[in-house]
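Numbering (the UniProt record's numbering), first residue to last: 1 to 273.
Note that beta-carbon positions come from the ideal geometry of N, C-alpha and C, so glycine has one too.
As the structure is a computational prediction, the values presented were derived from the model and not from experiment.
Structure first, then comments.
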Amino acid sequence: MTMDATRQRLLMCRPTYFAVDYAINPWMDPTAPVDPDLAIRQWEQLHQTYLDLGHEVELIDPVAGLPDMVFAANGGTVIDGKAMAVQFRDPQRADEAPAYRAWFEAAGFEMYDPKHVNEGEGDVLLVGDHLLAGTGFRTAHASHAQLQEVFGYPVVTMQLVDPRFYHLDTALTVLDERTVAYLPEAFSPGSRAVLRRLFPDAIHATMADAEVLGLNAVSDGRHVVLPAQATDLAAKLRDRGYETIGIDLSELRKAGGGPKCCTLRLRQGKAIK
Ligand code: ARG
């Protein structure tokens with residue numbers, strides 16, 4: 001089987017002001033050392049990897065005092081030329097929302113404002129013509145109805161149960177329009193049943209893979225960019241015909257983020273393409 005790669009338009013934010021100054025997820029320990037220069041070099045490698053794959057990468061200016069702004073996936077949800085801005089659960093990240101919103105507006109997207117806590121593509125993942133939407137830790141369940149109204153895709157609620165996998169994109173990877181990989185233990189029994197029903201051929205990741213944020217991966221349908229440490233998952237992906245590219249983001253992982261967290265997909269509307 002040959003797998004087609006889709007050229008992607010992505011948004012990233014250089015980790016110029018990256019730090020672990022507060023703890024809003026179990027990965028973050030403000031007393032543990034972080035190497036900011038290494039964080040930047042690792043991020044640059046991720047950025048270069050996307051360019052080498054032929055993707056188009058847009059950059060938003062980082063803002064001093066917003067150490068988590070590097071996690072662009074949390075900046076919004078952008079589908080069919082519509083951008084829904086975000087509302088963070090935690091006050092430490094609140095000021096990122098208007099910075100990303102201003103970028104989307106300047107880039108010409110049709111803007112929608114969130115009515116409830118919504119952490120963007122960290123919790124909202126399009127698979128084919130379904131929107132999978134996480135809840136339990138960050139994005140409010142009430143926001144799922146708004147997502148469906150704004151984007152017009154059926155929204156499937158995914159109940160997250162393990163605080164280490166607090167965003168949907170730490171527990172589930174979209175590989176192509178029909179295939180996902182996920183950690184079953186990160187989901188409630190009902191959500192697991194839904195995942196089995198929708199994706200009978202899904203790849204099940206192990207806890208060892210999830211614990212290195214292996215599921216926080218970016219796929220273009222053929223190449224999967226994932227944390228270098230997720231070796232079991234990489235082997236399973238290669239068995240299915242994907243080409244895997246391991247990236248070491250050890251410093252950003254200290255904030256609870258991996259490749260996907262650093263990457264927001266910008267999906268144009270068909271009309272403006
Ligand atoms: N420190 C950030 C937070 O806890 C990490 C965000 C990771 N982003 C993601 N899409 N999973 O909010």
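In terms of residues, what are the limits of the alpha helix (DSSP H) holding residue i?
i: A99; result: E96 to A106
i: M207; result: M207 to A210
i: L146; result: Per the sequence shown, residue 146 should be read as Gln rather than Leu. Counting along the chain, the alpha helix (DSSP H) containing Q146 begins and ends at A142 to F151.
i: A23; result: Per DSSP, A23 belongs to no alpha helix (DSSP H) and is neither H nor E.
i: E44; result: P36 to D52
i: L252; result: S250 to R253
According to DSSP, is residue i helix, strand or coil?
i: Q268; result: coil
i: R197; result: helix
i: S188; result: coil
i: R14; result: coil
i: A235; result: helix
i: L132; result: strand
i: G75; result: helix
i: Y182; result: strand
i: residue 286; result: Since the displayed the chain opens at 1 and closes at 273, residue 286 lies outside it and no answer follows.
i: E243; result: strand
i: R9; result: strand
i: E121; result: helix
Throw me the rounded Cβ distance for the residue i and residue j pair, which I believe falls under 8 angstroms.
i: A228; j: A210; result: The Cβ separation is near 15 angstroms, so there is no contact.
i: E56; j: L10; result: 7 angstroms
i: E105; j: N74; result: 17 angstroms between Cβ atoms; not a contact.
i: W43; j: V20; result: At roughly 15 angstroms, the Cβ-Cβ gap does not stay under 8 angstroms, so W43 and V20 are not in contact.
So residue i is in the beta strand (DSSP E); what residue range does that whole segment cover?
i: P227; result: H223 to P227
i: K82; result: K82 to M84
i: Q159; result: V155 to Q159
i: M69; result: From DSSP, M69 is part of no beta strand (DSSP E); its letter is neither H nor E.
i: E56; result: E56 to L59
i: L125; result: V124 to V127
i: E110; result: E110 to Y112
Among the options, which one has its Cα closest to the Cα of residue i?
i: F18; options: G122, A64, V180 and M3; result: A64
i: R41; options: L132, K260 and L252; result: L252
i: L131; options: I60, T263, L172 and P98; result: L172
i: D248; options: K236, R238, L237 and C262; result: C262
i: P91; options: G258, R138, D29 and D123; result: R138
i: K260; options: S219, I24 and L237; result: S219
i: A97; options: G76, E110, H116 and K82; result: G76
i: S143; options: R89, S188 and R93; result: R89
i: T206; options: G256, A234 and L38; result: A234
i: L160; options: G190, L175 and L147; result: G190
i: M28; options: V78, L266, L264 and G256; result: G256
i: V212; options: V117, D52, K254 and I203; result: K254
i: A85; options: L66, T135 and V117; result: V117
i: R222; options: L59, E177 and P200; result: E177
i: A23; options: R238, L237 and R164; result: R164
i: H47; options: A133, Q8 and E149; result: Q8
i: V124; options: F109, G241 and A140; result: A140
i: Y112; options: G122, Q87, N25 and A83; result: A83
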